[in-house]
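Here the numbering used here is used: the first residue of the sequence shown is 15, the next is one more, and so on. No residue lacks a Cβ here, since even glycine has one placed at the ideal position from N, Cα and C. All remarks here apply to the structure that follows.
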Amino acid sequence: MPTLGAIRDYFPSAFIEVMGYPAHLELIKGRYYADVVSRFDHMDIAHLFVKDAEIPSSLRERLDQIDLIISFVSDSDRIFSHNLNTSKARCIIHYDPFPADDEGIHMVDHFLQSLDFLGITSNDNIPKIFLNDEDVRFGEDYVKNRIAGSKKMLIAIHPGSGSKQKCWPIERFILLINRLNQAFQAHIVVVSGPADQEIIERLKAGIHDDFVLADQLSLAKLAAVIKRCDFFIGNDSGVTHLAAALGVYTIVLFGPTDPKIWGPRGESVKILYKKAHCSPCLADMRRNCFTQICLENIKIEDVMHEVRLKG
């Protein structure tokens with residue numbers, strides 16, 4: 015987001031198109047960052063990954079009309095970049111989406127460095143998501159139609175992640191939710207995605223009080239619901255970064271990954287990280303870890319303490 019924001023600020027009159035996977039792009043289309051989004055998995059684009067491919071005329075004509083292309087495509091064999099360079103786009107920047115292992119730079123700053131080639135600098139390295147009026151109305155209606163009463167807090171919790179090795183034990187999420195209900199009479203919104211079904215079933219079995227399940231929402235609708243909440247609590251996941259970018263007070267439970275590189279940023283972000291002797295994990299270590307000592311070290315009381323401070 016900060017990279018797109020810096021481009022938008024530097025070229026305020028530019029027509030900006032962002033290409034990627036549709037589910038990930040919904041939050042930027044018509045919401046300040048991009049004028050239009052397009053599918054990276056479109057069949058024409060596939061030709062750019064084929065050595066000595068003949069680029070379809072429709073794609074070539076489209077590329078030839080572009081003034082600036084910035085590519086964050088993993089391209090170790092350089093086939094994609096070679097094919098892209100055959101277009102007549104005025105300026106093409108190829109930038110590795112991941113920093114070197116020993117670089118120790120935050121991902122936001124890594125992406126911002128791609129703009130050094132253009133002489134663009136930015137002091138804003140905090141991701142921000144801007145909702146439109148329709149988003150806001152959806153969030154208000156979603157909460158109003160599902161939650162009654164006058165409890166004090168509305169707390170969103172996402173117990174899942176893209177990797178089970180990054181998940182705080184589900185038993186602790188269950189105890190945490192029960193304690194939040196007891197201590198604050200809080201309404202709980204549990205966020206669930208396609209990979210979270212097993213976790214959610216275990217959660218349902220252990221929760222004493224009712225909770226709202228925000229299940230299978232689009233990113234824009236999910237963002238609208240989270241924005242309506244007072245707190246968000248979650249693991250190192252994309253949804254947690256979403257909450258932080260919305261400005262919701264976000265409590266993040268970090269384990270094997272390094273928050274200096276992957277942690278969400280923002281004035282309303284609190285990262286709970288109990289560094290272990292083996293932290294941070296390399297990918298192979300993480301896959302073969304059976305103790306999760308880094309996550310086990312984060313106690314329920316640590317989370318409750320942060321809620322009390324801000325509640």
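Problem set entry | Identity of the residues DSSP links to Asp229 by a beta bridge | The residue given as residue 229 occupies position 215 in the sequence shown. Partner(s): Ser206.
Problem set entry | CB contact flag (Phe268, Ile285, <8 Å) | By one-based count along the sequence shown, residue 268 stands at place 254. By one-based count along the sequence shown, residue 285 stands at place 271. For Phe268 and Ile285, yes; Cβs fall inside 8 Å.
Exercise. Is Lys180 buried or exposed, if buried means 16 or more other CB atoms sit within 10 Å of its CB?
Worked result: Residue 180 sits at position 166 when you count from the first residue of the sequence shown. Its Cβ being crowded by 16 or more others within 10 Å, Lys180 is buried.
Exercise. For Leu260, does the three-state DSSP call read helix, strand or coil?
Worked result: Here residue 260 refers to the residue found at position 246 of the sequence shown. In this structure, Leu260 counts as coil in the three-state DSSP scheme.
Problem set entry | DSSP state of Leu189 mapped onto helix, strand, coil | By 1-based counting over the sequence shown, the position of residue 189 is 175. In the structure shown, Leu189 falls within a helical segment according to DSSP collapsed to helix, strand and coil.
Exercise. With a cut-off of 8 Å, do at least 3 Cβ pairs link the region 210-230 to the region 182-196?
Worked result: yes
Problem set entry | Boundaries of the alpha helix (DSSP H) in which Tyr24 is found, first to last residue | Taking the sequence shown and counting its residues from 1, the one referred to as residue 24 is at position 10. Looking at the DSSP string, the run of the alpha helix (DSSP H) that includes Tyr24 is 16-24.
For this session: Would you kindly work out how many angstroms separate the C-alpha atoms of Ala67 and Leu73, rounded to a whole number?
Result: Reading the sequence shown from its first residue, position 53 is the one you call residue 67. Reading the sequence shown from its first residue, position 59 is the one you call residue 73. If I take the Cα positions, the gap works out to 12 Å.
Problem set entry | Proximity winner among Arg53, Ala200, Phe25, relative to His38 (alpha-carbon distances) | Along the sequence shown, one-based indexing puts residue 38 at 24. The candidate whose alpha carbon is nearest that of His38 is Arg53.
Exercise. Apart from the five residues on each side of it in sequence, which residues of its chain come closer than 8 Å, Cβ to Cβ, to Gly176?
Worked result: Locating residue 176 in the sequence shown gives position 162, counting from the first residue. Cβ within range, chain order: Ala209, Ser251, Gly252.
For this session: Take Ile93 as the anchor and find which of Val64, Ile83, Ser101, Leu77 has the nearest alpha-carbon.
Result: Here residue 93 refers to the residue found at position 79 of the sequence shown. The shortest Cα separation from Ile93 among Val64, Ile83, Ser101, Leu77 belongs to Val64.
Exercise. Going straight from the alpha carbon of Leu98 to that of Arg279, what length do you get?
Worked result: The residue given as residue 98 occupies position 84 in the sequence shown. The residue given as residue 279 occupies position 265 in the sequence shown. Answer to the nearest angstrom: the Cα atoms are 33 Å apart.
Exercise. What are the boundary residues of the alpha helix (DSSP H) that Tyr287 is part of?
Worked result: Here residue 287 refers to the residue found at position 273 when the sequence shown is read from its first residue. Premise fails: Tyr287 lies in the beta strand (DSSP E), 283-287, not in any alpha helix (DSSP H).
For this session: Would you check if the distance between the CB atom of Val262 and the CB atom of Ala228 is smaller than 8 Å?
Result: By one-based count along the sequence shown, residue 262 stands at place 248. By one-based count along the sequence shown, residue 228 stands at place 214. No, Cβ-Cβ distance for Val262 and Ala228 is not below 8 Å.
Problem set entry | Alpha carbon of Pro70 to alpha carbon of His61, nearest angstrom | As a position in the sequence shown, residue 70 is number 56, starting the count at 1. As a position in the sequence shown, residue 61 is number 47, starting the count at 1. Looking at the two C-alpha atoms, the distance is approximately 8 Å.
Problem set entry | Close beta carbons around Leu168, own chain, < 6 Å, minus the five adjacent residues each side | As a first step, residue 168 is located in the sequence shown; it is residue number 154 there, counting from the start. Annotation for Leu168: His201, Cys243, Asp244 place their beta carbon closer than 6 Å to its own, counting only its chain and skipping 5 residues before and after.
For this session: Determine, using beta carbons only, whether Phe198 and Lys166 come nearer to each other than 8 Å.
Result: On the sequence shown, position 184 is the one that residue 198 refers to. On the sequence shown, position 152 is the one that residue 166 refers to. The answer is yes: Cβ separation under 8 Å.
Exercise. Does DSSP put Lys43 in a helix, a strand or coil?
Worked result: Within the sequence shown, the letter at position 29 stands for residue 43. Strand at Lys43.
For this session: Kindly indicate which three-state DSSP category Ile93 falls into: helix, strand or coil?
Result: Position 79 of the sequence shown holds residue 93. Three-state result, Ile93: helix.
For this session: Over the uninterrupted alpha helix (DSSP H) stretch that includes Ile314, give me the two end residues.
Result: Locating residue 314 in the sequence shown gives position 300, where the first residue counts as 1. Per DSSP, Ile314 belongs to the alpha helix (DSSP H) from 314-324.
For this session: May I have the straight-line CA-CA distance separating Glu31 from Phe125, to the nearest angstrom?
Result: Working through the sequence shown from its first residue, we reach residue 31 at position 17. Working through the sequence shown from its first residue, we reach residue 125 at position 111. Approximately 17 Å, taken between the alpha carbons.
Problem set entry | Three-way DSSP call (helix, strand, coil) for His56 in this model | Along the sequence shown, read from residue 1 onward, the residue named residue 56 stands at position 42. Three-state DSSP puts His56 in coil, outside helix and strand.
Problem set entry | Bridge-paired residues (DSSP) for Ser85 | Against the sequence shown, residue 85 aligns to sequence position 71. Bridge pairing for Ser85: His108 [DSSP].
Exercise. Could you give the C-beta distance for His172 and Lys274, rounded to a whole number, given that I count them as a contact under 8 Å?
Worked result: By one-based count along the sequence shown, residue 172 stands at place 158. By one-based count along the sequence shown, residue 274 stands at place 260. That belief does not hold up - the Cβ atoms of His172 and Lys274 are roughly 22 Å apart, past 8 Å.
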